[in-house]
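Following: one structure in structure tokens, then a few remarks.
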Amino acid sequence: MLTIGLFLAISFLVSLAGLAALIWAVSTDQFSFGQKQARVIFHEGEEGRLDDPTAGSAPTDTERAAIDASTAWPVSLFLGVAVLWLVLGSLFGLVASLKLHLPDWLDGSAVLTFGRIRTLHLTLVIYGWLSLAGIGTATWIVPRIFHTPLRSPRFATWGAIIWNAGLTAGCIAIASGWTDGEEWLEIPWQIDTLLAIGGGLAVVPLLRTAFARSVEHIYVSGWYFLAALCWFPALFIVANIPGIFVGAEQATVNWWFAHNVLGLWLTPLGLGAAYYFIPKIIGKPVYSYSLSLIGFWALALFYSQVGIHHLIGGPVPTWVVTLSIVQSVMMFVPVLAVAINQHVVVARNLWAFKASLPLRFISLGAIMYTLASFEGSLEALRSINTVTHFTQFTIGHAHLGAYGFASFIMFGSIYYMLPRITGRLWPWPGLITAHFWCVVVGFVIYFIALSVGGWLQGVAMLDAGRPFADSVILLKPYLEARSVGGMVMTIGHVLLAINVVSIFVLARPGSRNGALA
Amino acid sequence: MNRSLPLVILAMAILAFATVMLVVAPKVQIGREPAAAGLKPYTTEQLRGRALYSSLGCVYCHSQQPRAPDQAPDAERGWGRASIAADYAYDSPHLMGTMRTGPDLLNVGARLPSASWQLTHLYQPRAVSAWSIMPAYPFLFEVKDRASPGDRVVWLPEDRRIPGKVVVAKPEARDLVAYLLSLDRTYPVPRSAIRDDGYSRGGATQ
Amino acid sequence: MTTDRESVDEAFEPYEPKRRVPLPVYWVAIALALWGALTLLRDSSADRTGAKQRIAEATTLERRQTATGSALFAERCATCHQADGTGVDGAIPPLAGSPFVGASPGVIVQILLHGIEGPISVNGSDFDGHMPAFGSVLDDDQLARLATSVRGTWGPGGSISPGFVATERARTAQRTSPWHGGDEIATTLDRTIGVQPAYLPAPRSPDDLTAQSIASIGKAGGWSCASCHGSHGEGRDGVPRLAGLSPDYIARQLLAFTDGSRPNDIMRPVAQQLTAADRVALGRLFASLATPSSSHPALEGDVARGAELALQGDDRRNLPSCFSCHGPSGFGVSPNIPSIAAQRPSYTAGRLAALARLTSRQPGSIMPAIAGRLSDADRRAVADYLATLPPSPATSSKDAR
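Protein chains in written order, with our numbering: chain A, 4 to 520; chain B, 13 to 218; chain C, 61 to 461.
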């Protein structure tokens, strides 16, 4: 017992010491950077101007044009396929949602059973939509902040092809019943090697570009992207090695991985994009650049240890659960840092929020990051977890993070990037607004339904006097509301897809704008 | 923050540290515990059923980890005592789950030991519980004119019967039921047991 | 989508050259670090509490196993036979001077192992004997200590060894019913006991065969009773024990499942298949089963507290003792008051919780009101205690009591 208690104390102390050292270093100005470095994202003349490609305004810059040209092909591939997976993934999600309150619908075959449809939804939206959109965005932003063209773009292209081949094979495997059986890790490990290779290939160009950069400073988005792209392959490989872990050990690996997919993969990809696009679109640097340093390193220190809060009250050692709870709550620190940085600059420039649709998606996503993280910290508390664990509340929370935060930021990023990449304007600007309102309204319905329903479900299950059936019966109307929300969200995704396909295939006369390239 | 190599190295070091805490240390601690004395390894039939359980995604709605009485009334619902790490010694993949859209199943073999009930319920859950939202699994069954010798006929309440036909369990359904009935961790807890005791109040009456 | 937006905000907002970390970030970091340290401390004590609890449970079980013979008597026998062994006039036979205690040592051991169901005569008085069987709740060691103590206090004395108990247990291992009154004991085990009243078995009706078939293979292909409740009605950890419940109680519950007044998804479809005659016959069948107990504490309840509640109740909470209504040792008294002894703890606790919820809907009814006053820990304590009791004696005429 003593050794374990010690172990736990050490881990927490190490994280605290890390945080203290960081705060000390920042406040005593040990790193020489501040607002000057925050401006590395602007080329001359860009600062102080709204930069919104959905309206077709951008200054001409030959260096930037060469950089964007180097990433155009792989990034188009990443983004295009990501949107395809998004539409497919949300259709599966919708079917799964409908099946929960129409259980006798489509019950004739194993492929269509809830357990497989739901898995396909998760796999497609996480490894198809969010991962690919994130890698694409990172691949596009990294050369821009390093002011140099992408090195070895072929690696990125091949990475995309192999990743997608692996994902397709994985989905076919899951649909036909071949699965590794752990949540978030259902794709058979044999097929996972393809994803690992594809992901590894996609990292190479970014690392090479980082080493060849022509500016001294690495902008904050670069920290997030570089770290995420190194973290994810490591996580993915460790979690997929077969035959080492069994039973309760396997559960800790499972949740260490699953939460790190959010914390050390989707979150840094989303935050990196937000850190680039928010100041870029508004034309003003973030509020306090040195604060972003705390945000980044505290995220690494605390987020990496939160996974076992998925096993609170479960058959794993008390100390590891407690460690994850404490670190979950410590996440307030990096979240606060990011929130101050991103929200203050938007709040001071609300005109830009109204004017730019990409910014609206992205800064709304950033707000939902703050909310999701705070909610997540609270949900890890034993007193709250005992109600919300095992209920739909968790599903609502997961969507606040993966959808409200990560997907919203990716929507905005796509709307910003594709006109730059293709040199064309969005063919149906009205659909962007429609998409925005669909996903906002749909998601509000979705989130409120699951949060309220899930909470009531949890309260019912804790009451020994109420039969289990009560928790199911009371949930049904909320599940129906969730389907409505999900349907509206899916409509929004179809609108996005229409625009994305159109911008690639429809060369509308006059839309080609040299200034955009 | 101006050099990429130290950035990457430090970031990976932090992840490695987290991995030691969340993966390696629990593995060492749990790995030292022997399998619980009353726990039997799965038979081949049960393992086939277990694979089906995992491929049909039962885990997304059914947890397999009853909580301690200090935290939740799981035991009073008949879901069994709080589970410990040694209860899962033969489980791979683990199927602890994180949802209770349906009830916990770690002790369903003790709670609902009737194979014929399980078959009816798998064929059409709403034949048993009108409120249930569990998927039906008709594809694990065959509808025949009459049963052949050796067939396992599924009993259905009158309103669910198909006139002139019988419903017979396919081997998959029987495997799945064999697995479900093997879920029984009602043996006593060894003195040294690993689980999250964070809700323990020392048995005090509140 | 106007294009004049690019000229918005010409005036560039002046930034400080260096922006400090806002103070609230420090405060939050420090507050959380303190909270984290406190949480670690609190949870490490919870960790120890949990481990202690498990060890305490194991040692309580051991202590119960190593209790002395007189302690076992006080706990297991004195509620009926009284602490001084005088019994209760006309209801419970005395031990002092009883020919059964004075007979050869095999007699007391056999009575403890299998119990008695039927008339017996002690010291000139006749009793309608309902002695529970302890064979399934006490091991050979405990039975040897208990028998030695009883014979030492009220009989000829002498020591009974665990080995002797084991031999006696093996000799009658095939027995599935209690001893049918004093007559069977005297004629089979020891004729020195003297003449005993004759045992008249309850008449069997043709419905009993139907009931057997429903119980073991089910009605019209439906699920059988045995497939969940076990082939002897012993129940499983999450399934109630039926053996030894009163026949009327069982029949009444089956009817309640059928008409939905006792909602139960699992029982409803099978109960709906039964006729009134089936229900009565099934009640008789399960009431007549002398099945050993296989219940054991399973809810981490405080068994000592459970015993207190069952035997004395708790005045501070206005809780009457269980046994004041459910009869001594919880064997049940009338068709309305079921046996609760040797019941599965999860079933008992679950029923108590469900009853507690009825308080608001059925004001004035007794059990919901009492259950409503039980805390969660008390429910578990009493359920775990009742699981350690010997099963109520099987009977076909108990409702006549």
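We put the CB at the ideal spot given by N, CA and C, even for glycine.
Asked: By the 9 Å beta-carbon criterion, what residues does the region 96-117 of chain B contribute toward chain A?; Found: 96, 97, 98, 99, 100, 101, 102, 103, 104, 105, 106, 107, 108, 109, 110, 111, 112, 113, 114, 115 and 116
Asked: First and last residue of the alpha helix (DSSP H) that includes residue 21 (chain B)?; Found: 16-31
Asked: Quick check: what's the CA-CA separation for residue 153 (chain A) versus residue 67 (chain A)?; Found: 12 Å
Asked: Determine, using beta-carbon pairs with one atom in the region 18-29 of chain B and one in the region 224-231 of chain A, whether at least three such pairs fall under 8 Å.; Found: yes
Asked: With a threshold of 8 Å between beta-carbons, can residue 30 (chain A) be considered close to chain C, or not?; Found: yes
Asked: What runs of the alpha helix (DSSP H), each 4 residues or longer, lie entirely inside the region 116-162 of chain A?; Found: 117-126 and 134-149
Asked: Among all the DSSP beta bridges, which residues are the ones paired with residue 379 (chain C)?; Found: C:374
Asked: Specify the secondary structure class of residue 186 (chain C) as computed by DSSP and reduced to three states.; Found: strand
Asked: The beta strand (DSSP E) spanning residue 153 (chain B) covers which residue range?; Found: 153-156
Asked: Round the Cβ separation of residue 350 (chain C) and residue 196 (chain C) to the nearest angstrom and send it over; I've been treating them as touching at under 8 Å.; Found: 10 Å between Cβ atoms; not a contact.
Asked: Can you tell me whether residue 357 (chain A) is buried or exposed, with buried defined as 16 or more other CB within 10 angstroms of its CB?; Found: exposed
Asked: Contact defined as beta carbons within less than 8 Å: I believe residue 81 (chain C) pairs with residue 294 (chain A). What is the distance between those atoms, to the nearest angstrom?; Found: 6 Å
Asked: Would a check of beta-carbon distances place residue 468 (chain A) closer than 8 Å to chain C?; Found: yes
Asked: Please report the straight-line C-alpha distance between residue 367 (chain C) and residue 442 (chain C), rounded to a whole angstrom.; Found: 7 Å
Asked: By Cβ distance, which residues of its chain are closer than 7 Å to residue 15 (chain B), with the 5 residues on each side in sequence left out?; Found: none
Asked: Of all the residues that make up the region 194-215 of chain B, which are near chain C by a beta-carbon distance shorter than 9 Å?; Found: 196, 198, 200, 201, 202, 203, 204, 205, 207, 208, 209, 210, 211, 212, 213, 214 and 215
Asked: Quick one: grab the DSSP three-state call for residue 29 (chain A).; Found: helix
Asked: So, with DSSP's three-state summary, where would you put residue 174 (chain B)?; Found: coil
Asked: Do residue 410 (chain C) and residue 119 (chain B) have their CB atoms nearer than 8 Å?; Found: no
Asked: Of all Cβ atoms in chain C, is any one closer than 8 Å to the Cβ of residue 333 (chain A)?; Found: yes
Asked: For residue 448 (chain C), collect the residues of the same chain with a Cβ closer than 7 Å to its Cβ; drop the 5 residues on either side in sequence, then sort them by chain order.; Found: 197, 357 and 363
Asked: Please compile the residues from chain B whose C-beta is within a distance smaller than 9 Å of the C-beta of residue 200 (chain C).; Found: By Cβ distance, chain B contributes nothing, its closest Cβ being about 20 Å from residue 200 (chain C), past 9 Å.
Asked: Under 8 Å, CB to CB, which of the residues in the region 67-85 of chain B have a partner in chain A?; Found: 67, 68, 69, 70, 71, 72, 73, 75, 77, 79, 80, 83, 84 and 85
Asked: How would you list, in chain order, the residues of chain A whose beta-carbon sits under 8 Å from the beta-carbon of residue 450 (chain C)?; Found: Near residue 450 (chain C) there are no residues of chain A at all, since even the closest Cβ is about 27 Å away, more than 8 Å.
Asked: How about residue 106 (chain B) and residue 254 (chain A): are their beta carbons less than 8 Å apart?; Found: yes
Asked: Check the DSSP bridge columns for residue 483 (chain A) and list the partner residues they point to.; Found: In the DSSP output, where bridge partners are listed per residue, residue 483 (chain A) has none listed.
Asked: From residue 369 (chain C) to residue 172 (chain C), what does the alpha carbon distance come to, in whole angstroms?; Found: 25 Å
Asked: Would you report the Cα separation of residue 310 (chain C) and residue 395 (chain C), rounded to the nearest angstrom?; Found: 9 Å
Asked: Does any CB atom of chain C fall closer than 8 Å to the CB of residue 45 (chain B)?; Found: no
Asked: Which residue's Cα is closest to the Cα of residue 416 (chain A): A:433, A:290, A:395 and A:282?; Found: A:282
Asked: Report the rounded CA-to-CA distance for residue 222 (chain A) versus residue 458 (chain A), giving the unit in angstroms.; Found: 41 Å
Asked: For residue 214 (chain A), count the other beta carbons within 10 Å of its own beta carbon; 16 or more makes it buried, fewer makes it exposed. Which is it?; Found: exposed
Asked: Beta-carbon within less than 6 Å of residue 493 (chain A)'s beta-carbon, same chain only, minus the 5 sequence neighbours each way: which residues are those?; Found: 93 and 97
Asked: Measuring only from the beta carbon, is residue 26 (chain A) closer than 7 Å to any heavy atom that is part of the ligand ADP?; Found: The ligand ADP is absent from the structure shown, which contains no ligand whatsoever.
Asked: Who are the Cβ neighbours of residue 79 (chain B) in its own chain at under 7 Å, not counting the five residues just before and after it?; Found: 86 and 94
Asked: Would you check if the distance between the CB atom of residue 201 (chain A) and the CB atom of residue 169 (chain A) is smaller than 8 Å?; Found: yes
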